[in-house]
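Student: Input: one structure, supplied below.
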Amino acid sequence: MASTEGKPITCKAMVARGPKQPLVAETITVGPPKAGEVRVKVITNALCHTDIYTLDGHDPEGLFPCILGHEAGCIVESVGEGVTSVKPGDHVIPCCECNVHAYFMTAIASSFLLQILTSSCVCPRHCLFKSSLLLGFILAFCFQTPLSGQGFMPDGTSRFTDQDGKPIFHFMGCSTMSEYTVLAEISCAKISKELALEKACLFGCGVSTGLGAVWNTCKVEVDSSVAVFGLGAVGLAVIQGAKMAGASRIIAVDINPEKFATAIELGATDCVDSSKLDKPVQQHIVEMTTWGVDYTFDCTGITSVMRAALECSHRGWGVSCVIGVAASGHEISTRPFQLVTGRTWKGTAFGGFKSRRDVPKLVQRCIDGKLPVDHFITHKFDGVENTNAAIDALHGGKCLRAVVKY
């Protein structure tokens, strides 16, 4: 890798040229990292529904052409000026948020960035507030939002160009559907090399989000009751986390009964096919439990299911957590009575984990045999050019995580 340091790299990538279109296999150029940046070789990439949400045109702020992907396992190829926390050869998981003020200060080392941040960015508040993990700086420049340069690196430029020399947008500060990508240093969680990257990549988004929603956001207690709506990878991670937290009753809800066997293996005590009920699912669960359950989790992104999850949480103290991402423009609703009688409705981002601090710990727990993740990998593909096949598998209904090895 040393021979490529400081030079552009030509590699293969899957480029999203527009919404509702298959990705296009292209040869692109990835520029060298600038100050505070890290260029990595992507080894494995797991497909996440957040990528598909943008590709399917549900994200009104999605920009094209772009390189999607954010749940990956990578090896550092080279680093830009001022980078100290990782070095070439390190294994890293790309992350989209920051954990402590020190990393924020590293990112604004240049006077140009400092000028931007002191005039317009909300990052200091996000970064210092103990309960927040949403880094305004990265949100503004790498998530495709109207707050910023939209889909660029923090200096307002792209590291990707196509064969015509035209820039390609970044996505979520990661863009891992490419054999090489450039990340902000603060987006790199350095992990142990002991865990295979095809497993480690799962901790970059969905699995961590599900576990953290249980452990951090809701703090599920021993002997509590839980209901989980939606049994994809995130929902099954919620079940796994709830079982590890000591929940005594875990109700798994889905419209596909083929998912129930895995849910039971991970700790579900009851399974409900909501499509077969002759009454609202929330009413059914309240009747099953007399008053509802202590904690409910929506992992579907469907607003009617979010409401059902809230309304079957226990009167007086029930907590319902929204994890699923709804389509743009959709709104949630319920009768105020549901809240004034003591229920709490909350959401979570990355399960409340602070990535650079916590992802390495999750990886180590997996290495130690305390946090297995093999069951999430249902499909494997070789070569970045087979990413469309992985997307088809994800749409097929029987896929939890499709991992593509580059």
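FYI, full-length UniProt numbering numbers position 404 of the sequence shown as 404, with every residue one higher than the one before it.
Glycine included, every Cβ here is placed at the ideal spot set by N, Cα and C.
As the structure is a prediction and not an experimental result, all values here were calculated from the model.
1. Please say whether residue 180 and residue 359 have beta carbons closer to each other than 8 Å?
2. What is the DSSP secondary structure of residue 259, reduced to helix, strand or coil?
3. Within this structure, are the beta carbons of residue 249 and residue 274 separated by less than 8 Å?
4. Any chance you could list the beta strand (DSSP E) runs of at least 3 consecutive residues sitting entirely within the UniProt domain "Alcohol dehydrogenase-like N-terminal" (35-99), in chain order?
5. So, for residue 199: in the same chain, excluding its five sequence neighbours on each side, which residues have a beta-carbon less than 6 Å away from its beta-carbon?
6. Consult DSSP for residue 183 and reduce its assignment to one of helix, strand or coil.
7. Is the Cβ-Cβ distance between residue 252 and residue 231 less than 8 Å?
8. With a 10 Å radius around its C-beta and 16 neighbouring C-beta atoms as the bar for buried, classify residue 257 as buried or exposed.
9. Just to confirm, does residue 262 get its C-beta within under 7 Å of one of the non-hydrogen atoms of the ligand GTP?
10. Label residue 55 either buried or exposed according to how many other C-beta atoms from any shown protein chain fall within 10 Å of its C-beta, with 16 as the threshold for buried.
11. In this structure, does DSSP put residue 373 in helix, strand or coil?
12. So, at 7 Å on beta carbons, what are the nonlocal neighbours of residue 291 in its own chain, with the 5 sequence-adjacent residues on each side left out?
13. Tell me which residues share the same chain as residue 377 and place their Cβ nearer than 6 Å to its Cβ, disregarding the 5 neighbours each side in the sequence.
14. Below 7 Å CB to CB, which residues in the same chain sit around residue 92 once its five sequence neighbours on both sides are set aside?
15. Give the secondary structure of residue 391 by DSSP, where H, G and I count as helix, E and B as strand, and everything else as coil.
16. Within a Cβ cutoff of 7 Å, which residues of the same chain sit near residue 32, ignoring the five residues on either side of it in sequence?
17. Can you give the Cα-Cα distance for residue 271 and residue 310, rounded to whole angstroms?
18. Would you call the CB atoms of residue 386 and residue 23 closer than 8 Å?
19. Quick check: what's the CA-CA separation for residue 366 versus residue 194?
20. Please list, in chain order, all residues of the same chain as residue 345 whose beta carbon is under 6 Å from its beta carbon, the five residues on each side excluded.
21. Does any C-beta atom of chain B lie closer than 8 Å to the C-beta of residue 266?
22. Looking at the structure shown, is residue 213 part of a helix, part of a strand, or coil, going by DSSP?
23. Thinking just about the alpha-carbon of each residue, which of 216, 317, 60 is nearest to the one in residue 242?
24. Residue 61: which of 35, 151, 48, 82 sits nearest, CA to CA?
25. Residue 349 by DSSP, collapsed to three states: which one?
26. Taking the alpha-carbon of residue 177 as reference, which of 26, 286, 353 has the nearest alpha-carbon?
27. Per DSSP, what kind of secondary structure is residue 381 in: helix, strand or coil?
Tutor: On the basis of the coordinates in this document:
1. Cβ distance not < 8 Å, so residue 359 and residue 180 don't count as in contact.
2. It is helical.
3. Contact flag unset, no.
4. Within the UniProt domain "Alcohol dehydrogenase-like N-terminal" (35-99), the complete beta strand (DSSP E) runs of at least 3 residues are 37-46, 71-79, 91-94.
5. Counting only Cβ-Cβ distances below 6 Å, and skipping sequence neighbours, we find 373.
6. Three-state result, residue 183: strand.
7. In this structure, residue 231 lies closer than 8 Å to residue 252 by Cβ.
8. Looking at its Cβ environment, which holds fewer than 16 other Cβ atoms inside 10 Å, residue 257 is exposed.
9. Within the structure as shown, the ligand GTP is missing, as the structure has no ligands at all.
10. By the Cβ-count criterion, residue 55 is buried, with 16 or more other Cβ atoms from all chains shown falling within 10 Å of its own Cβ.
11. Here residue 373 sits in coil by DSSP.
12. Result list for residue 291: 314, 315, in chain order.
13. Closer than 6 Å at the Cβ level, and outside the excluded window around residue 377, lie 401, 403.
14. Residues of the same chain with a CB within less than 7 Å of the CB of residue 92, apart from the 5 flanking positions on each side, are 40, 74, 76, 86, 188, 189, 190, 191 in chain order.
15. Reduced to three states, the DSSP call for residue 391 is helix.
16. Only 6, 7, 8, 39, 78 meet the Cβ criterion.
17. Taking C-alpha positions only, residue 271 is separated from residue 310 by approximately 18 Å.
18. Here residue 386 is not near residue 23, since their CB atoms are 8 Å or more apart.
19. Roughly 10 Å separates the two Cα atoms.
20. Excluding residues within five positions, the ones whose Cβ falls inside 6 Å are 310, 320.
21. The structure shown contains no chain B, having only a single protein chain.
22. In the structure shown, residue 213 sits in a helix (DSSP, three-state: H, G or I).
23. Considering only alpha carbons, the answer is 216.
24. Ranking the options by Cα distance to residue 61, first place goes to 151.
25. In the displayed model, residue 349 falls within coil according to three-state DSSP, outside both helix and strand.
26. Selected option, being the one with the closest Cα: 26.
27. In the three-state scheme derived from DSSP, where H, G and I count as helix and E and B as strand, residue 381 is classed as strand.
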